[in-house]
Amino acid sequence: MTAPAPIPPRVLTVAGSDSGGGAGIQADLKTMLALGTHGMSVLTAVTAQNSLGVQGAWELPADAVRAQYRSVVDDIGVQAVKTGMLSSAALVDTVADLLAETGAPVVVDPVGVSKHGDALLAAEALDSVRTRLLPVATVATPNLDEVAQLTGVTVTDEAGMRRAAAEILAFGPRWVVIKGGHLPGDAVDLLTDGDEEHWLRAPRLDNRHTHGTGCTLASAIACGLARGEDVPAAVRGAKEYVTGAIRAGFALGGGIGPVDHGWLTRPAG
Numbered sequence: 061m062t063a064p065a066p067i068p069p070r071v072l073t074v075a076g077s078d079s080g081g082g083a084g085i086q087a088d089l090k091t092m093l094a095l096g097t098h099g100m101s102v103l104t105a106v107t108a109q110n111s112l113g114v115q116g117a118w119e120l121p122a123d124a125v126r127a128q129y130r131s132v133v134d135d136i137g138v139q140a141v142k143t144g145m146l147s148s149a150a151l152v153d154t155v156a157d158l159l160a161e162t163g164a165p166v167v168v169d170p171v172g173v174s175k176h177g178d179a180l181l182a183a184e185a186l187d188s189v190r191t192r193l194l195p196v197a198t199v200a201t202p203n204l205d206e207v208a209q210l211t212g213v214t215v216t217d218e219a220g221m222r223r224a225a226a227e228i229l230a231f232g233p234r235w236v237v238i239k240g241g242h243l244p245g246d247a248v249d250l251l252t253d254g255d256e257e258h259w260l261r262a263p264r265l266d267n268r269h270t271h272g273t274g275c276t277l278a279s280a281i282a283c284g285l286a287r288g289e290d291v292p293a294a295v296r297g298a299k300e301y302v303t304g305a306i307r308a309g310f311a312l313g314g315g316i317g318p319v320d321h322g323w324l325t326r327p328a329g
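61 is the number of the first residue of the sequence shown in the working numbering; add one for each residue after it.
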């Protein structure tokens with residue numbers, strides 16, 4: 061008699077669709093597959109998007125987001141949740157309420173702008189992110205633009221990253237990863253809970269095809285948490301995975317290409 065196949069860890073992404081496949085729900089699900097988990101999705105918005113930018117975005121109703129979430133969580137269950145594009149205060153509040161009831165680790169990627177500089181979060185939703193979403197986060201993963209949006213802090217060096225982390229932690233997440241990829245020099249991120257500090261460094265790669273890095277990092281962290289890793293181990297593993305995906309990133313279309321989510325399975329050389 062054949063034994064039933066083991067059930068992989070289940071990870072849920074609550075985010076928008078990127079029709080070009082480099083970021084958003086598509087990047088999240090590719091990451092989850094690559095890292096040995098079962099990915100599930102709650103779609104919050106549809107974008108018309110390619111390597112050149114975002115040409116349009118259409119938000120889903122809060123009732124549709126709530127129904128998707130309850131459908132997955134109540135039947136299948138989750139070991140971790142990752143949030144991405146939540147374009148309005150109504151969606152942020154809806155998702156925050158759902159997360160507070162779930163009891164699984166939550167990775168919040170407070171998406172504010174796309175790689176091309178297109179706004180993906182309404183200005184009036186920032187207060188909801190600060191007061192409703194970040195307090196339910198196990199890990200928050202803002203980049204430097206999102207730090208400035210949420211705190212008003214402009215980061216220009218590593219000392220500024222430490223100040224930014226303190227500002228974000230004041231909103232309530234247990235841990236924060238300040239992503240310093242926009243600074244010169246090595247790609248450095250700061251993970252801290254206010255007591256422990258972990259500086260994660262990787263060489264800056266000569267590759268402009270980096271679309272989807274933020275979504276991919278947050279999803280990879282969620283995968284680690286779903287496997288039972290502690291936060292520092294999950295973030296270290298995610299950093300290694302994203303660095304490899306950036307190294308393997310490829311040209312697609314006429315603009316910024318995506319990272320390669322499947323790099324772990326590609327033949328060497």
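Beta carbons are placed, not taken as given, at the ideal position from N, Cα and C, and that holds for glycine.
Within the same chain, and ignoring the five residues on either side of Val236 in sequence, the residues whose Cβ sits closer than 6 Å to its Cβ are Ala200, Ala225, Ile228, Leu229. In the DSSP assignment, His258 is bridged to Leu251.
Within the same chain, and ignoring the five residues on either side of Asp246 in sequence, the residues whose Cβ sits closer than 7 Å to its Cβ are Arg261, Ala262, Pro263, Arg264. Its Cα nearest to that of Gly212, the residue Arg190 stands out among Arg190, Pro69, Val167. Of the candidates Gln86, Asp255, Gln128, the residue whose Cα lies closest to the Cα of Gln109 is Gln86.
Within the model, the alpha-carbon separation for Cys275 versus Asp169 is close to 7 Å. If you ignore the 5 residues before and after Gly315, its C-beta comes within less than 6 Å of the C-beta of Ser111, Leu112, all in its own chain and listed in chain order.
Glu161 sits exposed, since fewer than 16 C-beta atoms from the chains shown fall within 10 Å of its C-beta.
Between the C-alpha atoms of Glu119 and Thr143 there is a straight-line separation of about 15 Å. The continuous alpha helix (DSSP H) containing Met92 extends over residues 84 to 94. Following the DSSP letters along the chain, one finds Asp78 inside the beta strand (DSSP E) bounded by residues 70 to 78.
With contacts defined by Cβ atoms closer than 8 Å, Val196 and Ala156 form a contacting pair.
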